[in-house]
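Following: one structure in structure tokens, then a few remarks.
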Amino acid sequence: QENEIKLLTAEIERLKNFGCLGVSPSLEGLRDENAKLKYRLNFLQKSLQEERSKTTKSMININSCLQEIFGAAIQAAYPDLENPPLVVTPSQQPKFGDYQCNSAMGITQILLKTKEEKVSPREIAEKISKNIPANDCIEKVEIAGPGFINVHLRKDFVSKQLSSLLMNGVQPPAVGKRKKVVVDFSSPNIAKEMHVGHLRSTIIGESMCRLFEFAGYDVLRLNHLGDWGTQFGMLIAHLQDKFPDYLTVSPPIGDLQAFYKESKRRFDTEEEFKKRAYQCVVLLQSKNPDFIKAWELICDVSRKEFQKIYNCLDITLIERGESFYHEMMKDIVKEFEDKGFVQVDDGRKIVFVPGFPVPLTIMKSDGGYTYDTSDLAALKHRLCEEKADILIYVVDSGQSVHLQTVFAAGQMIGWYDPKVIRVAHAAFGVVLGEDKKKFKTRSGDTVRLIDLLEEGLKRAMDKLKDKERDKVVLTAEELKAAQTSVAFGCIKYADLSHNRLNDYVFSFDKMLDDRGNTAAYLLYAFTRIRAIARLANIDEQMLQKAAREEVLILDHEKEWKLGKCILRFPEILQKILEDLLLHTLCDYLYELATTFTEFYDNCYCVEKDRQSGQIVKVNMWRLLLCEATATVMAKGFDILGIKPVQRM
């Protein structure tokens, strides 16, 4: 935009020289052109100002800045190269600087292949270094080894970014145009209890929504409930037998799981009941009011049970189950038929999608619809009615082939172009027990999610009492807050800290351990950091005043290391927005906490008299580093759905 403004300004000057602002009729065309240019210039300047006002408070993604700088340097050094490799990463060791540009080796290979030029990577690195444009962030560059460019950041640049963070709070990285994101997650089945298998989708989906919301996207959180289908026939038939007056008296269905098992047993063993169940399905699908009422009663009982779990885990969802799409399914079948994609196989209507061996069944031989039909209807509605720019399905890996087939069918029929709209399956592995087999109870049943959460609360309290936090340190209210923070925080973090693509072992002992990469360790570290200023009698107003006035000195190597680590937060978030792998954020928070510990062990924040214990000196710039660390950790916790406490 800045370049276009410069060009437009120059063009207006040129037209002025032609006298286009005069009144001669022969210059009418020039006047129109000038008006258009002025309008465009006005528009661009206004939009650039708006963009700048939004981004001045945004945290700078240092990696992206360096990529822009080195991208420009490579372009200047090798203008004929198309899409040269651009590799900028944080350095692993301080002796190699703060970041490294490792593009020279890749460019060597390209020059050899395309131009048959043999140039050493070191020579290329030197040429890139000479073409680095003027910038605010690089102190110096050094060429090491075969052609690595080691980048040293300017201390005043890092100090300034930390001050901005302290004054403006943790602001999202600039991500451009505000997009609509639809996330499909959790999605339990009505009349069945949520079990440990629903845990991952619920936790991962919630965290993804929080991240996209923080980054400024318009997020729609959808719960695709299994609330329609043939199983409702047997449930309604059983309801009629067990509670014949259900239309006037609300049936006391206490245990819906037991109710479901009873109706399933009857469906499998009683022929007469089975026939009635099929009739109930027909009457439900024809919208008979009595059967709709029965269906709603069963759904309501389930909803209340689901909500208990969502309340515990602080999950927010909009319910939009399979029933929502039922009326659309007829049109889906017709659309595929009209476009010639439907084949009839033994009475079924099927759709073959190129590249996928198993077809989608969009209508059964009895005229009923399938999961394939409802998933296609949901996909179309989200793309064409909700106008999603990004659509994410947080569903287990076992559904991968099915979902990829549905997505490919959507492309085939022309609902979306994958180059414009991103449709992604955020797959995840299964939860294993400590025996490395699927997580089950001792009797071999699936673990109920509500039981798991209650066990977590019990174990968290036991842990706090083992540490004698209940005796002296915490009030009853603080103890309760610490219990829920630790219990649910540990369950969430244990899941999110593993790569979602892998299976993970569920172990309360490991997740409640306050050593290593666990929520227990991070929550405790956070409360300690927050306590430093409090114990020095420094309140929030004093910290804010210091943030405006103090320069953050980063002379000690541990101060410098911590400052850089804090500022990597935006690049971590940007990476997750691209690959949807939340364990990267957990790894970062653990690295931040351990880097802080190194800093705190080596740099006095508050100096006390050894005899009296009285505070003799407060190193305010170091307290500001503590505050910046805690601020970033708090936002990281918020994205992960973890609630820290002030005292633990």
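Residues in the sequence shown are numbered consecutively from 2, following my numbering. Glycine residues also receive a C-beta, built at the ideal position from the N, C-alpha and C atoms.
Around Q412, the same chain offers P419 as residues with beta carbons nearer than 7 Å, after the five sequence neighbours per side are excluded. Only residues of its own chain outside the window of five on either side were considered, and among them Q484 have a CB closer than 6 Å to the CB of M462, listed in chain order.
Counting the other CB atoms within 10 Å of its CB gives V421 a total below 16, which places it among the exposed residues.
Under the three-pair Cβ rule at 8 Å, the stretch 358-378 does not count as touching the stretch 288-302. If you draw a 10 Å sphere on the C-beta of Y370, you find 16 or more other C-beta atoms in it, and that means buried.
DSSP places K562 inside the alpha helix (DSSP H), whose first and last residues are E558 to I567. One alpha carbon belongs to I63, the other to K265, and they sit about 59 Å apart. Put simply, of M543, V617 and N603 the residue whose alpha carbon is nearest the alpha carbon of K609 is V617.
In the displayed model, K128 falls within a helix according to three-state DSSP. Scanning E456, A521 and A526 for the CA closest to the CA of T632 turns up A526.
Between I237 and E306, the alpha-carbon positions lie close to 19 Å from each other.
Looking at the backbone, the Cα of A126 and that of N84 are separated by about 17 Å. Within the model, the alpha-carbon separation for L544 versus V171 is close to 15 Å. Per the DSSP secondary-structure output, L392 pairs in a beta bridge with V183 and V424. In the DSSP annotation of this structure, the continuous segment of the beta strand (DSSP E) that includes M364 starts and ends at L361 to M364.
Going by DSSP, F149 is part of no alpha helix (DSSP H) but of the beta strand (DSSP E) stretching over F149 to L154. Residue burial is scored here from C-beta neighbours: R179 has fewer than 16 other C-beta atoms within 10 angstroms and is therefore classed as exposed. Taking every protein chain shown into account, the CB of L318 has 16 or more other CB atoms within 10 angstroms, so this residue is buried. Residue pairing from DSSP leaves V552 without any beta-bridge partner. In the structure shown, V646 falls within a coil segment according to DSSP collapsed to helix, strand and coil.
When rounded, the separation of the alpha-carbon atoms in Y218 and C138 is 29 Å. DSSP, read as helix, strand or coil, puts N538 in coil. In the DSSP assignment, C210 is bridged to no other residue. Per the Cβ contact rule, the stretch 312-330 is not in contact with the stretch 347-360 (fewer than 3 Cβ pairs under 8 Å). DSSP places Q344 inside the beta strand (DSSP E), whose first and last residues are V343 to D346. Assignment of beta-bridge partners to D219 by DSSP yields K181. Distance from the Cα of H225 is smallest, within the candidate group L87, E320 and D246, for E320. Across the set A594, E579 and K636, the C-alpha of E579 shows the shortest separation from the C-alpha of V176.
In the assembly as shown, E273 is an exposed residue. Its beta-carbon has fewer than 16 other beta-carbons within 10 Å.
Residue environment analysis places P122 among the buried positions, since at least 16 neighbouring C-beta atoms fall within 10 angstroms of its C-beta. Taken in chain order, the unbroken stretches of alpha helix (DSSP H) that lie wholly in the stretch 487-512 and span 4 residues or more are 509-512. The DSSP-derived three-state label of P91 is strand. By the Cβ test, the stretch 387-397 is in contact with the stretch 185-193, since at least three Cβ pairs between them sit closer than 8 Å. By the Cβ-count criterion, A389 is buried, with 16 or more other Cβ atoms from all chains shown falling within 10 Å of its own Cβ. In this structure L553 touches G564 by the C-beta definition: roughly 7 Å separates them, less than 8 Å.
Annotation: Y601 to E560 spans about 9 Å, alpha carbon to alpha carbon.
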